[in-house]
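Shown next, in structure tokens, is the structure this report addresses.
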Amino acid sequence: MGAALPEPQSISHALDAEAFKHVADVLVEEAGVHPMLHRMFVAPIVESGIIRGVIVESKAGREAILAERVIDATGDADVVARCGAPTFFTPKSEMMSASVMFSMCGVNKSRFIEQVKADPQTYKDWAGNGEWDITTDGKEDDMFSPFLRKPFKQALAAGILPANLATIAGTWGTVSDQGDLTYLNMVHLNVDGTDPDDLTRGEMAGRRQAMLAVAALKGFMPGCEDAKLRNFGMTLGIRDTRKIDAHYNLREGDVRGEGRFEDSIGIFPEFIDGYGLLILPTTGRYFQVPYGSLLPKGIGNLIVAGRTIGGDKTSHAAVRNMMCCAVSGQGAGVAAAVSLKSRASFETVNIAQVQAELRRQGARLH
Ligand SMILES: Cc1cc2nc3c(=O)[nH]c(=O)nc-3n(C[C@H](O)[C@H](O)[C@H](O)COP(=O)(O)OP(=O)(O)OC[C@H]3O[C@@H](n4cnc5c(N)ncnc54)[C@H](O)[C@@H]3O)c2cc1C
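All the letters of the sequence shown, read from the start, carry residue numbers 27 to 392 under our numbering.
Here it is in structure tokens:
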């Protein structure tokens with residue numbers, strides 16, 4: 027649908043995040059899903075330890091949506107937490123940073139790419155006085171990374187950035203023929219994504235920092251001289267809040283040691299990004315994602331998908347990656363459908379039937 031284009035700096039394709047919204051709408055319509063946007067989950071309906079639906083609030087007021095199965099895909103395990111089921115919460119001081127993402131337009135693509143090629147940055151360059159202090163496997167150190175720190179260092183020296191914003195540095199996504207420089211992941215904030223006051227403060231502080239970053243790029247990154255802010259991300263980007271206490275909580279050894287599970291619902295490479303660890307998926311090594319890591323303890327008819335599945339910090343740095351969220355999303359959806367059709371609970375569903383359906387859909391499980 028034309029919503030992914032080759033990147034000028036790599037052999038990858040870049041998603042056009044705006045056009046992808048339309049692609050997602052089409053996928054939802056094609057699948058026959060009844061979409062219900064513009065509603066905020068506010069409370070679960072729980073009877074005898076089993077969730078029977080949710081209460082949402084919207085412009086229309088309060089509604090109850092009854093459901094035989096509920097999938098919590100809030101990223102923060104909001105439904106699980108509100109049910110009173112156990113969750114783990116990363117202490118704020120240890121949380122992965124939150125980001126206000128932004129894009130620029132009016133970038134001179136050829137000048138920008140010339141500069142990137144003249145002074146290629148690597149994953150080793152992530153380490154240093156900015157946001158990241160990283161450990162790699164070594165194999166990442168000399169690999170090209172679409173990373174920018176030098177223009178911000180120059181802006182600090184020139185007084186365009188205040189001294190307390192040495193944290194501004196990071197990755198860019200792609201630059202289009204039209205001069206859009208997208209997914210500028212430069213702003214890093216310590217924000218508790220479950221606290222609305224913190225979210226408010228972080229979002230506004232992040233926008234302020236992003237404006238300074240734009241000024242720094244205009245001043246010191248060739249190709250950006252005549253560029254301007256194109257847009258901020260739709261909302262503050264949160265990486266890390268609650269994790270469920272699952273029937274199986276993934277461990278560092280699973281994601282770094284090619285974990286194998288009888289109840290696998292999909293596979294994911296050894297791709298770890300967070301808490302100071304950066305391992306890129308270049309080896310073919312992978313782990314299996316166990317069904318048990320999607321199942322919260324202490325509440326029936328509820329399953330989770332996405333970054334909030336059960337596990338320790340290092341496993342979070344793996345499963346939070348978007349493609350792994352897609353793996354757990356497909357697993358949760360198929361498990362819900364199979365459990366409904368077979369009149370079994372999430373705990374007692376026949377995992378072989380879930381796996382058979384996933385395989386029929388083309389998922390690789392082992
Ligand atoms: C700045 C940033 C950059 C990243 N870069 C990369 C990257 O380059 N590659 C990569 O693989 N991963 C990256 N990640 C990680 C990845 O994007 C996320 O971990 C992943 O998208 C999480 O998916 P999810 O479905 O669990 O949650 P989300 O994508 O956060 O989806 C949760 C959805 O639930 C909705 N929601 C939440 N609470 C409620 C509620 N109470 N009621 C109604 N709706 C609600 C939200 O609005 C949202 O739409 C990045 C993350 C961030 C923040």
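Idealized CB from N, CA, C, for every residue including glycine. The model shown is predicted, which means the values in this text are computed figures rather than measured ones.
The continuous alpha helix (DSSP H) containing Met230 extends over residues Pro222 to Phe246. Residue burial is scored here from C-beta neighbours: Thr374 has fewer than 16 other C-beta atoms within 10 angstroms and is therefore classed as exposed. Remark: the shortest separation between the CB of Cys109 and any heavy atom of ligand 1 does not fall under 7 Å. Counting along the chain, Thr208 sits inside the beta strand (DSSP E) bounded by residues Leu207 to Leu210. Under the DSSP assignment, Glu89 falls in the beta strand (DSSP E) whose first and last residues are Gly87 to Leu92. Counting only the Cα atoms, Arg88 lies some 30 Å from Arg369.
With a threshold of 7 Å, the Cβ atom of Gly332 counts as near ligand 1, since some heavy atom of the ligand is closer than that.
Note that the segment 201-218 touches the segment 250-270; at least 3 beta-carbon pairs, one per stretch, sit closer than 8 Å. Under the DSSP definition of a beta bridge, Arg268 partners with Phe115.
Judged by DSSP in its simplified three-state form, Tyr312 adopts strand. Taking the Cα positions, Ile139 is about 12 Å away from Phe173.
Contact check between the segment 137-151 and the segment 111-121: fewer than three CB pairs, one atom from each, fall below 8 Å, which does not count as touching. Annotation for Ile264 indicates a beta carbon within 7 Å of some heavy atom of ligand 1. By the Cβ neighbour-count rule, Asn275 is buried, with 16 or more other Cβ atoms within 10 Å of its own. Taking the Cα of Gly110 as reference, the smallest distance to any Cα among Gly75, Gly164 and Met348 is reached at Gly75. Straight across, the Cα-Cα distance linking Gln180 with Thr208 is about 22 Å.
Pairing Val126 with Ala236, the inter-Cα distance amounts to about 7 Å.
Linking Arg390 to Leu384 through their CA atoms gives a straight-line distance of about 8 Å.
Under the DSSP definition of a beta bridge, Ser129 partners with Asn257. If you check the C-beta of Asn257 against ligand 1, you find no heavy atom less than 7 Å away. Below 8 Å, too few C-beta pairs join the segment 243-258 and the segment 99-118 to call them touching: fewer than three. Beta bridge pairing from DSSP links Leu215 with Ala124. Ala103 places its beta carbon less than 8 Å from that of Ile270. Counting every other CB atom within 10 Å of its CB across the protein chains shown gives His392 a total below 16, marking it as exposed. Asp299 sits in a strand when the DSSP states are folded into three classes. In this chain, the alpha helix (DSSP H) harbouring Ser365 covers Met348 to Lys367.
Thr197 and Val213 have their C-alpha atoms some 10 Å from each other. Between Arg256 and Cys351, the C-beta spacing is not below 8 Å. With a cut-off of 8 Å on Cβ pairs, the segment 76-87 is not in contact with the segment 315-322, counting fewer than three such pairs. Under the three-pair Cβ rule at 8 Å, the segment 159-169 does not count as touching the segment 282-293. DSSP, reduced to helix, strand and coil, places Asp98 within a strand of the structure shown. Within its own chain, the residues whose Cβ lies closer than 8 Å to the Cβ of Asn347, once the five positions on either side in sequence are excluded, are Phe294, Phe297 and Asp299, listed in chain order. For Gly279, no beta strand (DSSP E) run applies; the uninterrupted alpha helix (DSSP H) run containing it begins and ends at Glu278 to Arg282, by DSSP. For Ser125, the shortest separation between its Cβ and any heavy atom of ligand 1 lies below 7 Å.
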